[in-house]
Structures are given as C-alpha cells and as structure tokens.
Amino acid sequence: MNEKNEVITSILAYSFCSGSLVLINKLILHELPYPSLVITFQLWAAIFFIYSLHYCCGIIDIDAIKWNAVRPYLMYTVAFSLGVLCNMKSLSVSNVETIIVFRALAPLLVSVLDVAFLGRDWPSFRSWMALSLIAFGAFGYAASDEQFESQGLMAYFWPTMYLFLISFEMAYGKNIVKSVDLKTRSGPVQYTNMLGWPPMLLFAHGGGEFQLVHEKWVEDGPAMFTSSSLALLCLGCVVGTGIGYSGWWCRSKVSATSYTIIGV
Numbered sequence: 001m002n003e004k005n006e007v008i009t010s011i012l013a014y015s016f017c018s019g020s021l022v023l024i025n026k027l028i029l030h031e032l033p034y035p036s037l038v039i040t041f042q043l044w045a046a047i048f049f050i051y052s053l054h055y056c057c058g059i060i061d062i063d064a065i066k067w068n069a070v071r072p073y074l075m076y077t078v079a080f081s082l083g084v085l086c087n088m089k090s091l092s093v094s095n096v097e098t099i100i101v102f103r104a105l106a107p108l109l110v111s112v113l114d115v116a117f118l119g120r121d122w123p124s125f126r127s128w129m130a131l132s133l134i135a136f137g138a139f140g141y142a143a144s145d146e147q148f149e150s151q152g153l154m155a156y157f158w159p160t161m162y163l164f165l166i167s168f169e170m171a172y173g174k175n176i177v178k179s180v181d182l183k184t185r186s187g188p189v190q191y192t193n194m195l196g197w198p199p200m201l202l203f204a205h206g207g208g209e210f211q212l213v214h215e216k217w218v219e220d221g222p223a224m225f226t227s228s229s230l231a232l233l234c235l236g237c238v239v240g241t242g243i244g245y246s247g248w249w250c251r252s253k254v255s256a257t258s259y260t261i262i263g264v
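As structure tokens, this is what we get:
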C-alpha cells in the first residue's frame, strides 16, 4: 500500500471506530451502568487479542516492554484514563450529541498545542475560519440544549473536563509517536492498554461500581447479564481494539489537529 492510500485507509478506519464506539458505549451503559468496569473489560480484551495472536497464532509481532518507553506512555495513559473516565461519566449524565459537540471543540485547543509544543505552523486563515465554525456550532447547540437550560453549567462539568483532557492527550500522543521508537503497530496498543487498566479499576473502586455489581448480582444473579448486554459488551471490545490500532496508525500519519478533527 502506498503512502497516500495508507493515510486514507487509516483515516477511514479511525473515523469509523471513533464514531461507533461512542454510540456502542452509550448503549452498553444503558444495560450495564458501570463505566470504569466496562472500559477495563475492553482494555483486557485488546491485551488478550494482541498476546493471543502473537503467542498462540504467531500472526503478529509485538514490542518488548522497556522502561524508556513506559515513562512517556505512562503520562499519556494517565491523561487517557482520566479522559475515558470523564467521557463515560459524560455519557452517564448527558446525551451523545452533547459529547460530540464538546469533542468538536477539541481541534481549537489542539491547534494551539500543535504550534506551542510540536513545532507546527499556525493554521491558515481558512483553517481558522473552519475551526471557528465548529465553535459557533457548539455554542449554538448549547444555547438550545434543554439539559443546559435546566441544569446550567453543571450539566457540562464532565464534558468540559473531557475536552481539556482529550486535547492534551491528542497533542502528547503525537509527541510520543515522533519521539518513542516502537517497532510494531501493536506496540502503542500494548503500552496504552497494559498501563490503562489498573487506573480504571481504581476508578471503579472509587466510584462504588464493585458494590453496585455485587448488589445487582445478589438481586438478579446471572440474569443481570442479558443477551443484549453481553452482545454489546463483546461488540465494544472488538471496536475498542480496532480504535487502538487504527488510532495510533492514523496518528502517525497526520498532525495532532487533523487527528483530532478526524476523531470528532
């Protein structure tokens, strides 16, 4: 595959996975309202997929775990984990449209970080106009949002936190791609998922999700897991693994700002 086709394919794959996972996770949380545990399961599924294909099937190569790569990925993972938590909290209290609107604001912040820390030139006038249209659309949405009218700024606390965290994550992730030398396409997915699940379990504990699961199990037993919830959970694991691969692949091909716009 030539470079141009590789860029296009990575963009299409990441766009599909990014848009699909928001909707799938919203549906999962309707059936299983345990956001941190759901994400933990998705991270475990990706790790299982990687090591199964490597050790059992010999299909893919993986990178060795090295401390000089762990350190930058650890900082990224902290931002990633907090961002995922805020995203899932947002999905718990807001509709999908609100989350998408806040994600649409991220390119504005990332474009500034792109210039300040990654050595990119300032966007052209046409680019600024396009980014501004996104912002005006977001403000227009907020002005007509019933949830905002009834709850005020508190309705947007979690989405706002998500906005700042994802903006940092997008810029820092591009810096990692440029500065950390991993040999395989599975490498970034390995590091982010292996470093990401322990914080998620801590979030689950802090949010009382283990207690909620226990109470639900005592009340309903195995019936708490319906066929639809299990199907959605498995689908979320597949798409979650897909976004890990397609996301890092796409990130290596485009700027942080472009990557953020694609993810929106």
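All the letters of the sequence shown, read from the start, carry residue numbers 1 to 264 under the UniProt record's numbering. For every residue, glycine included, the Cβ atom is placed at its ideal position computed from N, Cα and C. Predicted model, so just to flag it, every value in this text is computed and none were measured.
If you draw a straight line from the Cα of Leu-195 to the Cα of Tyr-73, it is about 8 Å long.
In summary, Arg-103 is buried, with 16 or more beta-carbon neighbours lying within 10 Å of its beta-carbon over all protein chains present. Under the three-state reduction of DSSP output, Gly-196 falls in the helix class. For Thr-184, there is no enclosing alpha helix (DSSP H), as DSSP marks it with neither H nor E. Around the beta-carbon of Lys-174, 16 or more other beta-carbon atoms lie within 10 Å, marking it buried. Secondary structure in the segment 5-85: the alpha helix (DSSP H) runs of 4 residues or longer, each lying completely within the stretch, are 35-51 in chain order. In the structure shown, Asn-175 adopts helical secondary structure according to DSSP, grouped into three states.
Taking a C-beta distance under 7 Å as the contact criterion, Ile-62 and Thr-241 do not qualify as a contact pair. Counting of Cβ neighbours within 10 angstroms places Ala-116 among the exposed residues, the total staying below 16.
Cys-57 sits exposed, since fewer than 16 C-beta atoms from the chains shown fall within 10 Å of its C-beta. In the three-state reduction of the DSSP assignment, Trp-128 falls in the helix class, which pools H, G and I. Assignment of Lys-253 by DSSP, reduced to helix, strand and coil, places it in the coil class. In this structure, the straight-line span from the alpha carbon of Lys-4 to that of Gln-42 is close to 31 Å. The three-state reading of DSSP puts Asn-87 in helix, counting H, G and I together. In the structure shown, Ser-94 adopts coil according to DSSP, grouped into three states.
Bounds of the alpha helix (DSSP H) holding Phe-210 are 209-220. For the options Ser-252, Ser-15 and Leu-29, the alpha carbon positioned closest to that of Ser-179 is the one of Ser-252.
Around the beta carbon of Glu-209, 16 or more other beta carbons lie within 10 angstroms, which makes this residue buried. Nearest Cα to Leu-85 within the set Leu-109, Ile-39 and Val-112: Ile-39. In the three-state reduction of the DSSP assignment, Phe-139 falls in the helix class, which pools H, G and I. Between Ser-52 and Arg-126, the alpha-carbon positions lie close to 47 Å from each other.
Within 10 angstroms of the beta-carbon of Ala-138 lie 16 or more other beta-carbons, which makes it buried.
When rounded, the separation of the alpha-carbon atoms in Ser-229 and Leu-29 is 9 Å.
In this structure the segment 16-32 does not lie against the segment 186-200, because fewer than three pairs of beta carbons, one per stretch, are closer than 8 Å. Considering only Leu-235, Gly-19 and Ala-130, the residue with the shortest C-alpha distance to Ile-99 is Gly-19.
If you check the CB distance, Val-112 and Met-170 do not come in under 7 Å. Of all alpha-carbon atoms in Phe-48, Asn-68 and Met-200, the one lying nearest the alpha-carbon of Ile-60 is that of Phe-48.
As the crow flies, the alpha-carbon of Trp-122 is around 28 Å from that of Thr-77.
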